[in-house]
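Q:
There are 2 protein chains.
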Amino acid sequence: MTLDLLDTPAAVIDIPQMEKNISLMQEHMRELGVKFRPHVKTTKCVEVVRAQIAAGARGITVSTLKEAEEFFAAGVVDILYAVGVDPSKLPRAMALKRKGCDLKLVVDNPAAAAAVVEFSRQHKADFEIWIEVDTDGHRSGITPEEDALLEVGKILRDAEIKVGGVMTHAGSSYELNAREALQELAEQERAGCVRAAQRLREIGLPCAGVSVGSTPTAIAAQNLDGVTEVRAGVYVLFDLVMHNVGVCAFDDIALSVLTTVIGHQADKGWAILDAGWMAMSRDRGTAKQSHDFGYGQPCTLDGRPLSGYILSGANQEHGILSPVQSETTDGADAQDVRTRFPIGMKLRILPNHACATGAQFPEYHALAATGELTIWRRFHGW
Amino acid sequence: MTLDLLDTPAAVIDIPQMEKNISLMQEHMRELGVKFRPHVKTTKCVEVVRAQIAAGARGITVSTLKEAEEFFAAGVVDILYAVGVDPSKLPRAMALKRKGCDLKLVVDNPAAAAAVVEFSRQHKADFEIWIEVDTDGHRSGITPEEDALLEVGKILRDAEIKVGGVMTHAGSSYELNAREALQELAEQERAGCVRAAQRLREIGLPCAGVSVGSTPTAIAAQNLDGVTEVRAGVYVLFDLVMHNVGVCAFDDIALSVLTTVIGHQADKGWAILDAGWMAMSRDRGTAKQSHDFGYGQPCTLDGRPLSGYILSGANQEHGILSPVQSETTDGADAQDVRTRFPIGMKLRILPNHACATGAQFPEYHALAATGELTIWRRFHGW
């Protein structure tokens, strides 16, 4: 099977580009002297994660217990479940631990810590807990100087629950687009997380692990003193949001959606594609960035971006390819849409957000340098 | 299994409400004297479609060949594939026809019609084609007075391809919110589609079917003279976009996402939930409507809307529940978030868009009036 014969829409991973992304990140981590624990929520795909581990990743990060179960079944043992644990999920987490999975859970509040203590007592479970630290105010975690940090630490310490470390995610990095601002945020993420670990150590918790990361801060980081590991997810494929943040170029984006032209509205300059939001996802992450790509950046079948066009609209199974209004130079361009994009023509669309677009597909079609395609299964659900 | 014990996030369908939605639409169609062909892209779920057929639906509408294959395997024979056909999908469509599926394909341009003619000749395929009509300029189709309509008709007529009818979808109805405007658009949709059929009949095409519909126009329609069937999809579950369009109330929404409170940022008045955009989808369809619900409307476990709160933000597996700023009366309300929404509390979130939210889940949990839950599988992919 080759790309031109593939049923559309299809999610295509460019394998050489993916491997380059993996290798560059791993090398950067080696230079900074930290372990790298990729976040596998981006792809939920065993073949991708095997490539990350083969390149030197030490353990993985997951966002759901389903991911933990699937990757443990595929042979990955060291797993950080990086979402604050819902107490009712503890039985399922314990089952994984008892099968031999080195699963680490996260809490960021006294009530969740107390629930872990109570459950551990009742079931003689031996969870390893990491405490989530808030270093940029964008979502979860306890800020480094807050009383609650020590409160959580003491609840776990007094119950003799193993505290493996602290972790933070400076997700507000997605809102930046300047190298210097990213470097500052990376330093803020590092310093806050190291400080939280120090405070916990002062009350007698070993807190050996100090885990930070988001793709932009991981790439921007210049010094990670006190940090033991970095996490990042979307770097493996990259996307248009990361392009706008300034941490990748079009050429670095290893995921695209293959689509076919199925119609036109010539007077509007539109070509209608069979990739709508069900294929691209509803993610409009570039809408509030410096360059709005609509639902994606169209490219030729061999991957060259079609400058001056975007996927400007999407219904469930229809995408609207149209000229970027500010870049349309004359009416003639709009009128020749039928000849430029004839019925049956295949295109590839770079996505706004690789995590969201991938989730729309049961599988990736992995494209080798030879042009050969392999199906890589992707799971979904919880 | 009961709702309070279910793993979260989960997509819950309230069966009695769904059956009421099905029954009201079917009754309305009976009164208008037309057949009803539900669009199954909303749920992609055999149990839901069986309920629609049991209530009187005649055939189904699909948005992908995968849906056609799955529902044909489940016993549905009369299927309209309502997306302009990509010529490279004709072999797959032919395989379905040859198994006995009464599959109808759609074209809206001469090139696609010519491709169908050519393929039919080469493979002795006997496709039934419907011509897509554009009655509101929002996406695909040929406008009723356009020359291309007859051009397509003649290409098919001269090749003796069966033309089953014309179809249109006034999807711009989603942008309205007044009863009168919806009634006007329903009439525009009807009149345009009937006119297109008339023009095709004048050149000798029987064009027996005249198919119209979108949930808002189907509900608003008062007279469907000349129309033979109506299509609608999201009415079966409804959602917040339809609430804003004015065609359903909160109570009519039969889909919700069950979630658990996993954290707080008390100074911001936030509760953190385990339903992020992976569960809710990235659909922000209410953002440009009269009432922006963020990523959804929180409700209690038994389904009562929590007025004054929305899901204001979402990361992949984190949702942020917060007070609607304009409705916050004092600081005290924001401060009591920990006691009002304690760790482990279950909530249900009404979605912006039932089609998009459902697509995030491999299955629905169908809730009977007794409180009993049944798993209904939902498929995805193409």
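Order-wise, the sequence lines are chains X and A.
For the first sequence, position 187 matches number 187 in our numbering, and the numbering has no gaps at all.
With the second sequence counted from 1, adding 1000 to any position gets you our numbering.
The beta-carbon is built from N, C-alpha and C at its ideal position, and this holds for glycine as well.
Below 8 angstroms on C-beta distance, what does Trp130/X contact in chain A?
A: Result: empty, since nearest Cβ-Cβ is about 14 angstroms, beyond 8 angstroms.
Q: If we cut at 8 angstroms on Cβ distances, does Thr1002/A have a partner in chain C?
A: In the structure shown, chain C does not exist; the protein chains are X and A.
Q: Name the chain X residues whose beta carbon is nearer than 7 angstroms to that of Gly1213/A?
A: Listed by position along chain X, the residues whose Cβ is nearer than 7 angstroms to that of Gly1213/A form an empty set, because the closest Cβ is around 14 angstroms away.
Q: Could you give the DSSP three-state label for Tyr1174/A: helix, strand or coil?
A: helix
Q: Short of 7 angstroms Cβ to Cβ, which residues in the segment 1244–1272 of chain A face chain X?
A: Thr1260, Ile1262, Gly1263, His1264, Ile1272
Q: From the DSSP output, which residues share a beta bridge with Gln1265/A?
A: Trp1270/A
Q: Do the segment 1147–1156 of chain A and the segment 1107–1116 of chain A touch if we need at least three Cβ pairs shorter than 8 angstroms?
A: yes
Q: So Ile316/X contacts chain A; which residues on that side make the cut at Cβ distance below 7 angstroms?
A: A quick correction: the sequence has Gln, not Ile, at residue 316/X. Ordered by position in chain A, the residues that pass the 7 angstroms Cβ test against Gln316/X are Lys1041, Ser1063, Cys1355.
Q: Measuring only the C-alpha atoms, how far is Leu1150/A from Ala1196/A?
A: 9 angstroms
Q: Determine, for Arg190/X, whether the minimum Cβ-Cβ distance to residues of chain A falls below 8 angstroms.
A: Residue-level contact by beta carbon fails for Arg190/X and chain A, as no gap is shorter than 8 angstroms.
Q: From which residue to which residue does the alpha helix (DSSP H) around His1028/A run?
A: 1015–1032
Q: Which residues in chain A sit within 7 angstroms of Asn109/X, going by Cβ to Cβ distance?
A: Gly1263, His1264, Ile1343
Q: What residues in its chain sit with their C-beta under 8 angstroms from that of Leu1065/A, if we drop five residues either side in the sequence?
A: Tyr1081, Lys1089, Arg1092, Ala1093, Leu1096, Trp1382
Q: Would you call Gly269/X buried or exposed, if buried means 16 or more other Cβ atoms sit within 10 Å of its Cβ?
A: buried
Q: Just checking, does the segment 1068–1087 of chain A make contact with the segment 1040–1050 of chain A on the three C-beta pairs under 8 angstroms criterion?
A: Under the three-pair Cβ rule at 8 angstroms, the segment 1068–1087 of chain A counts as touching the segment 1040–1050 of chain A.
Q: How close, in whole Å, do the beta carbons of Glu132/X and Gly84/X come, if the pair is a contact with beta carbons under 8 angstroms?
A: 6 angstroms
Q: Determine the closest residue to Gly1308/A out of Asp1292/A, Met1029/A, Asp1225/A, with distance taken between C-alpha atoms.
A: Closest by C-alpha distance to Gly1308/A, out of Asp1292/A, Met1029/A, Asp1225/A, is Asp1292/A.
Q: Can you check whether the CB of Ile60/X is closer than 8 angstroms to the CB of Ala254/X?
A: no
Q: Identify the residues that DSSP records as bridge partners of His1365/A: which are they?
A: Val1012/A, Ile1375/A
Q: Under the DSSP definition of a beta bridge, which residues are partnered with Gly1209/A?
A: Gly1165/A
Q: Please report how far the alpha carbon of Phe1341/A lies from the alpha carbon of Leu1273/A, in whole angstroms.
A: In this structure, the straight-line span from the alpha carbon of Phe1341/A to that of Leu1273/A is close to 10 angstroms.
Q: Locate the alpha helix (DSSP H) running through Gly1192/A, then write down its first and last residues.
A: 1179–1202
Q: Check whether the Cβ of Arg1340/A lies closer than 8 angstroms to any Cβ atom in chain X.
A: Chain X places no beta carbon closer than 8 angstroms to that of Arg1340/A, leaving this residue out of the contacts.
Q: Answer yes or no: does any C-beta atom of chain X fall closer than 8 angstroms to that of Met1025/A?
A: Not one chain X Cβ lies under 8 angstroms of Met1025/A.
Q: What residue does the alpha helix (DSSP H) around Asp126/X start on, and which one ends it?
A: Judged by DSSP secondary structure, Asp126/X falls outside any alpha helix (DSSP H); it is assigned neither H nor E.
Q: Tell me Gln297/X's beta-bridge partners as DSSP assigns them.
A: Leu350/X
Q: Asp1158/A lies in the alpha helix (DSSP H); which residues open and close that run?
A: 1147–1158
Q: Specify, as a first and last residue, the run of the beta strand (DSSP E) that Val1040/A falls within.
A: Taken as a continuous stretch (DSSP letters only), Val1040/A belongs to no beta strand (DSSP E), as it is neither H nor E.
Q: Using a Cβ-Cβ cutoff of less than 8 angstroms, which residues in the same chain neighbour Asn1109/A once the five nearest sequence positions on both sides are dropped?
A: Gly1084, Ile1142, Ala1148, Val1152
Q: Which whole-angstrom value describes the C-beta separation of Ala1220/A and Arg1179/A, a residue pair presumed to lie in contact below a C-beta threshold of 8 angstroms?
A: 7 angstroms
Q: Which residue from Val1212/A, Thr1135/A, Gly1246/A puts its Cα closest to that of Ser1290/A?
A: Nearest option by C-alpha distance: Gly1246/A.
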